[in-house]
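To keep things clear, I will list the structure first and then write my remarks on it.
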Amino acid sequence: MTQMITRAGQAISQITFGTMQFGGTADEKASRAMFDSARTAGINHFDTAVGYTNGASETILGRMIKDKRDDLFIASKLGYIGGTGRQNLADQFDRSRRQLNEDAVDLLYLHRFDPETPLAETFETLAQLQSNGLIRYIGVSNYAAWQVMKAQAVAKALGTKIDAIQPMYSLVKRQSEVEIIPMADDQDITVVPYSPLGGGLLTGKYAAGGTGRLTEDSRYKARYDQAWMHDTARELTALAAELGTSPATLAVAWVKTHPTAPRPIISARNATQLAPSLAAQGFDMSPELYAKITALSVAPALATDRLEEA
Ligand SMILES: NC(=O)c1ccc[n+]([C@@H]2O[C@H](COP(=O)([O-])OP(=O)(O)OC[C@H]3O[C@@H](n4cnc5c(N)ncnc54)[C@H](OP(=O)(O)O)[C@@H]3O)[C@@H](O)[C@H]2O)c1
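Residues 1 to 310, numbered by UniProt numbering, are exactly what the sequence shown covers, in order.
In structure tokens, the structure reads:
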């Protein structure tokens with residue numbers, strides 16, 4: 001697998017830190033404390049998007065990265081709103097660079113698939129940014145595997161390639177196992193999964209009557225509304241108690257232990273919340289524990305219907 005590297009030539013960390021909460025549930029002081037603990041733990045890969053918290057995520061992150069830019073790997077995303085046409089990408093990339101106060105980013109993602117815009121237009125725009133030295137790697141997020149393969153053919157014809165994919169992936173959202181992760185493995189695409197805690201569900205706090213994103217944001221409530229998901233969170237919490245660790249540590253470690261070694265994006269509203277997710281970095285999960293945790297959730301159906309005969 002080709003490694004993505006910082007400008008200074010360091011491999012990206014296996015754990016990624018997501019800044020979607022900067023300027024939202026995390027004020028600048030809490031954001032700074034999380035950034036510092038992520039750096040202390042050896043994380044060099046930071047994820048943001050042009051639209052997060054109306055631009056505050058990039059603005060706050062931009063202030064933190066100035067003095068060590070070459071040692072860091074900064075990823076942003078465009079096109080969640082307004083599509084991936086040439087003009088929208090150009091406008092949003094300029095906005096992103098102003099917010100970050102940076103000329104270039106290391107990895108630029110398309111935030112979601114845009115069925116209205118020809119892939120040639122989108123990828124010509126990205127290839128141009130890359131040849132102008134304004135982005136180093138190309139990524140896509142929330143794409144289906146067939147959409148990646150279609151886009152990859154276009155990118156390759158332009159002399160470039162998709163380097164990274166950012167799908168949702170956790171113990172309670174396992175669809176990526178069926179097509180996306182095997183496709184990425186085959187295509188030498190780095191997988192950087194988001195929401196490894198299921199938006200906080202896998203901390204176990206909701207079973208204990210706690211509040212947070214799933215009680216405050218209707219999109220997240222809908223995403224994790226199935227009873228079996230809450231059962232999984234309860235069982236993971238009981239297992240963590242048995243093992244003397246935190247369910248969040250197990251949830252993040254489970255994502256990174258997939259045989260293809262994805263690079264989960266962790267995040268939180270403060271450094272105290274972040275600590276158990278960070279602890280996943282040093283958590284070596286045995287094959288037996290990996291299998292036990294995997295069995296706590298519903299496995300997605302296989303990609304073709306005759307595989308049970310194999
Ligand atoms: N590409 C995309 O479409 C996309 C979508 C979503 C996220 N992302 C990226 O992925 C990153 C991570 O996603 P995510 O924030 O959804 O990840 P997550 O790890 O599934 O959820 C993080 C949230 O869980 C709660 N939490 C975390 N630790 C906790 C603890 N110890 N105790 C109690 N609650 C805790 C906090 O929310 P509350 O306290 O508010 O409950 C925190 O903000 C984002 O920052 C962003 O960079 C990308």
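Positions of the beta carbon are idealized from the N, C-alpha and C atoms, including for glycine.
Bear in mind the structure is a predicted one, so any value in this text is a computation, not a measurement.
- By the Cβ-count criterion, Gln3 is exposed, with fewer than 16 other Cβ atoms from all chains shown falling within 10 Å of its own Cβ.
- Judged by DSSP secondary structure, Thr16 falls within the beta strand (DSSP E) whose first and last residues are Thr16 to Gly18.
- With respect to Arg86, Glu121 sits close: the two C-beta atoms are nearer than 8 Å.
- Per DSSP, the unbroken alpha helix (DSSP H) holding Arg234 starts and ends at Ala227 to Leu243.
- The criterion of a C-beta distance shorter than 8 Å is satisfied by Leu171 and Leu296.
- Counting other Cβ atoms within 10 Å of its Cβ, Asn44 reaches 16 or more and is therefore classed as buried.
- Closest option to Glu102, judged by alpha-carbon separation, among Ile12, Lys66 and Tyr194: Lys66.
- When secondary structure is reduced to three states using DSSP, Ala104 falls in the coil class, being assigned neither helix nor strand.
- Straight-line spacing of the CA atoms in Ala271 and Pro118 works out to 42 Å.
- Contact between Leu108 and Val140 is absent: CB atoms are separated by about 10 Å, not below the 8 Å threshold.
- Annotation: Ala104 to Tyr137 spans about 11 Å, alpha carbon to alpha carbon.
- Distance from the C-beta of Ile180 to the nearest heavy atom of ligand 1 is not below 7 Å.
- Residue environment: Asp217 is assigned as exposed (fewer than 16 neighbouring CB atoms within 10 Å of its CB, all protein chains considered).
- Burial check for Val298: the Cβ neighbour count within 10 Å stays below 16, so the residue is exposed.
- Under the 10 Å beta carbon count, Trp228 is surrounded by fewer than 16 other beta carbons and is classified as exposed.
- For Ser141, the enclosing beta strand (DSSP E) has its first and last residue at Ile135 to Ser141.
- Counting along the chain, the unbroken beta strand (DSSP E) around Ala75 starts and ends at Phe73 to Leu78.
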